[in-house]
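Trainee: These protein sequence lines map, in sequence, to chains S and R.
Residues in the first sequence are numbered from 1 upward in steps of one, following the working numbering.
Residues in the second sequence are numbered from 1 upward in steps of one, following the working numbering.
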Amino acid sequence: MSGTVNELPRVAFFDFTSCEGCQLTVLDALQTHPELLKVVNIVEFREASSARSEDYQIAFIEGSCTRPGDEERLRKIRETAVYVIALGACAHLGGINAIRNRQPLLDVRQYVYGDKAEWYDTYPARAIDQVIQVDAVIPGCPIDRDEFVRVVTVLLQGRQPKLPDYPMCIECKLHENICVYERGQVCLGPITRAGCNAICPAYGYGCEGCRGLVSAPNMESFQEVLAQHGLSQAEIDEKLSLFLTNQTLLEKELVHG
Amino acid sequence: MERITIDPITRLEGHGKIDIFLNEEGDVANTYFQIPELRGFERFCVGRPVEEMPVLTNRICGVCPEAHHMAAAKAGDAVYGVEPTSAAKKLRELLYMGFYFTDHTTHFYALGGPDFVMGPDAPVAQRNILGVIHKVGLEIGGKVIQARKYGHTVVEMLGGRKVHPCTSIPGGVTKGLTEAERQEIEKMGRWGIEFAQFSLQLFSDLVMGNPYYVDLILGDIYTHKTHYMGMVDENNHVNFYDGKVSIVDPDGKRLGKYAPADYTDWIAEHVEPWTYLKFPYLKNVGWKGFTDGNDSGVYMATPLSRLNASDGMATPLAQERYEQFYDTLGGKPVHQRLATHWARLVELLYAAERLVELATDEEITSDKLHNVPTQTPTEGVGIVEAPRGTLTHHYWTDERGILTKVNLIVGTTNNYAPITMSIKKAAKSLIKKGTVVNEGLLNMVEMAFRAYDPCFGCATHSLPGQMPLQVTIRNNEGEVMDVLSQYVHPAFLCER
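(1) Between R/F101 and chain S, is there a C-beta pair that is closer than 7 angstroms?
(2) Output yes or no for whether 7 angstroms exceeds the beta carbon distance between R/K283 and R/A268.
(3) Can you give me, in chain order, the residues of the segment 142-160 of chain S that have a beta carbon less than 8 angstroms from any beta carbon in chain R?
(4) Determine which residues of the segment 2-35 of chain S have a Cβ less than 7 angstroms from any Cβ of chain R, and write them out in chain order.
(5) Using a Cβ cut-off of 7 angstroms (strictly closer), state whether R/E495 contacts chain S.
(6) Which stretch, first to last residue, makes up the alpha helix (DSSP H) that contains R/Y452?
(7) Do you know how far the Cα of S/I85 is from the Cα of S/Q160?
(8) Spatial neighbours of S/N219 within its chain, please: CB distance less than 8 angstroms, with the 5 preceding and 5 following residues excluded, ordered by chain position.
(9) In this structure, how does DSSP classify R/S498 when only helix, strand and coil are distinguished?
(10) Among all the DSSP beta bridges, which residues are the ones paired with R/N30?
(11) Check whether the Cβ of R/C64 lies closer than 7 angstroms to any Cβ atom in chain S.
(12) With distance defined between alpha-carbon atoms, name the residue in R/A343, R/M157, R/C166, R/G171 nearest to R/T178.
(13) Would the beta-carbon of S/V131 fall within 7 angstroms of that of S/C65?
(14) So what's R/K428 in DSSP terms, helix, strand or just coil?
(15) What distance in whole Å lies between the Cβ atoms of S/G140 and S/A89, which are believed to be in contact at a cut-off of 8 angstroms?
(16) Rounded to the nearest angstrom, what separates R/D367 and R/P49 at their Cα positions?
(17) Kindly list, in the order they appear in chain R, the residues whose Cβ is closer than 7 angstroms to that of S/I128.
(18) Which residues in chain S have a C-beta closer than 8 angstroms to the C-beta of R/I419? List them in chain order.
(19) Since R/P387 and R/C64 are thought to touch, with beta carbons under 8 angstroms apart, how far apart are those beta carbons, to the nearest angstrom?
(20) Are the CB atoms of S/A81 and S/Y56 within a distance shorter than 7 angstroms?
(21) S/A59 by DSSP, collapsed to three states: which one?
(22) Between S/V12 and S/A59, what straight-line distance do the alpha-carbon atoms span, to the nearest angstrom?
(23) State the Cα-Cα distance for the pair S/G212 and S/N197, rounded to the nearest angstrom.
(24) Since R/S310 and R/G230 are thought to touch, with beta carbons under 8 angstroms apart, how far apart are those beta carbons, to the nearest angstrom?
(25) Less than 7 angstroms between CB atoms is the rule here; does R/T174 satisfy it with respect to chain S?
(26) Kindly list, in the order they appear in chain S, the residues whose Cβ is closer than 9 angstroms to that of R/P49.
(27) Does the pairing of the segment 326-333 of chain R with the segment 142-153 of chain R give three or more beta-carbon distances under 8 angstroms?
(28) Taking the straight line between their C-alpha atoms, what separation do you get for R/A314 and R/Y350?
(29) Counting pairs of Cβ atoms below 8 angstroms between the segment 159-173 of chain R and the segment 86-100 of chain R, do you hit three or more?
(30) From the DSSP output, in three-state form, read off S/A198 for me.
(31) Does any residue of chain R have a CB that is nearer than 7 angstroms to the CB of S/C169?
(32) Residues in its own chain within less than 6 angstroms of S/L8 by CB, not counting five upstream and five downstream?
(33) Is the segment 255-263 of chain R close to the segment 334-342 of chain R, with three or more CB pairs under 8 angstroms?
(34) To which residues does DSSP link R/H393 through a beta bridge?
(35) Residues of chain S with a CB under 8 angstroms from the CB of R/T167: which are they?
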């Protein structure tokens, strides 16, 4: 695809509650793959530019929705964009922000804001698709640079991006990693969607599940595996809650503040 | 009363900003610098296993996850009473030097430096890395990208990822270094030493060679005589990864050094009603308000503070630059905040030299990576020097290692009081009766806090290095009289 800047697909990046690590990874990708800048027209990207636009076709959203006021902004993005992509674990899952969903929110607010807690309209952290329809996801905390480039490429070819739909264990086997359970650690690999090259297990650290659940994960079998390794239900829940609070624990015990 | 608001577009629930209040005469009545809190991290870490903290707290910030990763791992060591293996400590420090190298490079070339290279009054469209490249030469752009990439590569090799590394755990690390990787790091480190020397020369030529900038740096607007803090090794040389925290008074006299576990003997926190962040101060000196001098407990923790609080640098080339720094600026301590940019480059050189030292250490490819914790966990403190100041993680756990309480004093928090003072002083000196508040003037106010590189990611780390600011001027009815905007030039796309 080529053409004048005006003919290129107009792309915007938006951020909600997050650490911005995913946008920083996008900036990294634009540096290692500068040719991307020849096939899209980035019209809004706060991390790199203060230009603003209300005319875009593709919207990338980083971060969770953590305030009622965020919802309106999200709906506006949905109305404007043809294609909405959740960028990273906060947008995809609620991510780290959702840990607090298991704690009484007034408690969290008072801890942070003291007697001014009422001033801040924080509510349980939501994934973007809990508020608006999302057309595609680039998972991970942070996102994988190569996967980002791949998804964008596929999108520009007019195809629907597909993510690997098998558990992390398969990638780990392909890499011939020693199973971290063999080292006496816990790993969410058996239920987590592959696609990051199993970085954490390859570096000797159990998978945290930042890419979300694979479709139809065998949770019962997984919980048995954890139980075999001497983990209590509370410890298993703790493990799952790092990234997967909304996906695995929400119905059980979400406390609305 | 007129009110000017400098409102960096924040990522953290939208309440970090500068308010400048003018009185009826048009003079500055007061300034407030409000910093957003950490998204409740201290609270929601409670109930989680302490081993998880290195990978959880790094998610506080995508700009400096390595600092939280290290402080959390060290606090984890302390909680379990386990000493990491010697090789593990070196590997952690090596990763950390890679991080420092990238971070300091970014600050100088993309954030703080453009004010000097281009001049504080230069149009905002030029006051960025692109302007620097245009003025100094195209070649420099490639070098800056290379420098950032090299630092990141070290982090990625040892930490798994450039953003949010995952390999430091209580008792050591999970990943070692192969001989091939070691050689690559050594090569990058040697290039890094050259790059740091080049950067110092650039500073010397462009900034110290220009009488206007020398006056600006040495002038009163950006000067505060406060206490200084920084971590030092057993020889009182600057150390980013380990050691004791040294405190010196405004005359440069060392008041003492504390081990991480003793930080509460030295630091207390003051609360103001208009902001949710606390102001740390030196407990033994006491809180005397937003004022400098020997009787005020206000301290600073930045690259300049680290140099002031130490007796020198642990590597030879950085030591030469350290001496040159104090010889040129009139001896220790240096109180001029804008000299922080120079101090940062001295540290850049140290980071590169230390990187090579570690990469050539015969133990660095050892496979003795981890000592398994055997004691019952209780309580522990971990301290590292984040690029923006001393970073303290303090954890309390039950006997299973589940956190019962967490206290974090992040780099920027240390500097909250001095930043507030600097903004006020700059605003008062620059905005006077009848002054038209324009972009250049606001930049001079911004420069007051850009020197501290506050990790306010949204603000100073909004690449390519300028802060998206919107300044709203209101009359005393609260009506908007004027809106001034500083727009960032969409260009230099940094690596993260």
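Backbone N, C-alpha and C fix where the C-beta goes; we use that ideal spot for every residue, glycine too.
Mentor: From the atom records:
(1) no
(2) yes
(3) P142
(4) D15, T17, S18, C19, E20, G21, L24, T25, L27, D28, L30, Q31
(5) In this prediction, R/E495 has a pLDDT of 23, which is less than 50 and means its spatial position is unreliable; what the coordinates show is noted afterwards. Taking Cβ atoms only, chain S reaches closer than 7 angstroms to R/E495, which makes this a yes.
(6) Run containing R/Y452: none; DSSP gives neither H nor E here.
(7) 11 angstroms
(8) The sequence shown places Met at residue 219 of chain S, rather than the Asn named in the question. Within the same chain, and ignoring the five residues on either side of S/M219 in sequence, the residues whose Cβ sits closer than 8 angstroms to its Cβ are I191, T248.
(9) Lying before the first or after the last residue shown, residue 498 of chain R is absent from chain R, which here runs from 1 to 496.
(10) R/F21
(11) no
(12) Cα-wise, what sits closest to R/T178 is R/M157.
(13) At a Cβ-Cβ threshold of 7 angstroms, S/V131 and S/C65 count as neighbours.
(14) helix
(15) 6 angstroms
(16) 26 angstroms
(17) The contacting residues do not exist; S/I128 stays about 16 angstroms from chain R at best.
(18) Result: empty, since nearest Cβ-Cβ is about 21 angstroms, beyond 8 angstroms.
(19) 7 angstroms
(20) A contact, by the Cβ cut-off of 7 angstroms.
(21) strand
(22) According to the sequence as given, residue 12 of chain S is Ala; it is not Val. Answer to the nearest angstrom: the Cα atoms are 5 angstroms apart.
(23) Rounded to the nearest angstrom, the two C-alpha atoms are 15 angstroms apart.
(24) 6 angstroms
(25) yes
(26) E235, E238, K239
(27) Touching, no, given that fewer than three Cβ pairs across the two stretches are closer than 8 angstroms.
(28) 8 angstroms
(29) yes
(30) Coil, per DSSP.
(31) No - not a single Cβ of chain R is within 7 angstroms of the one on S/C169.
(32) V40, N41
(33) no
(34) R/G382, R/L408
(35) Against R/T167, the close residues of chain S are Y203, G204, Y205, in the order they occur along the chain (beta-carbon pairs closer than 8 angstroms).
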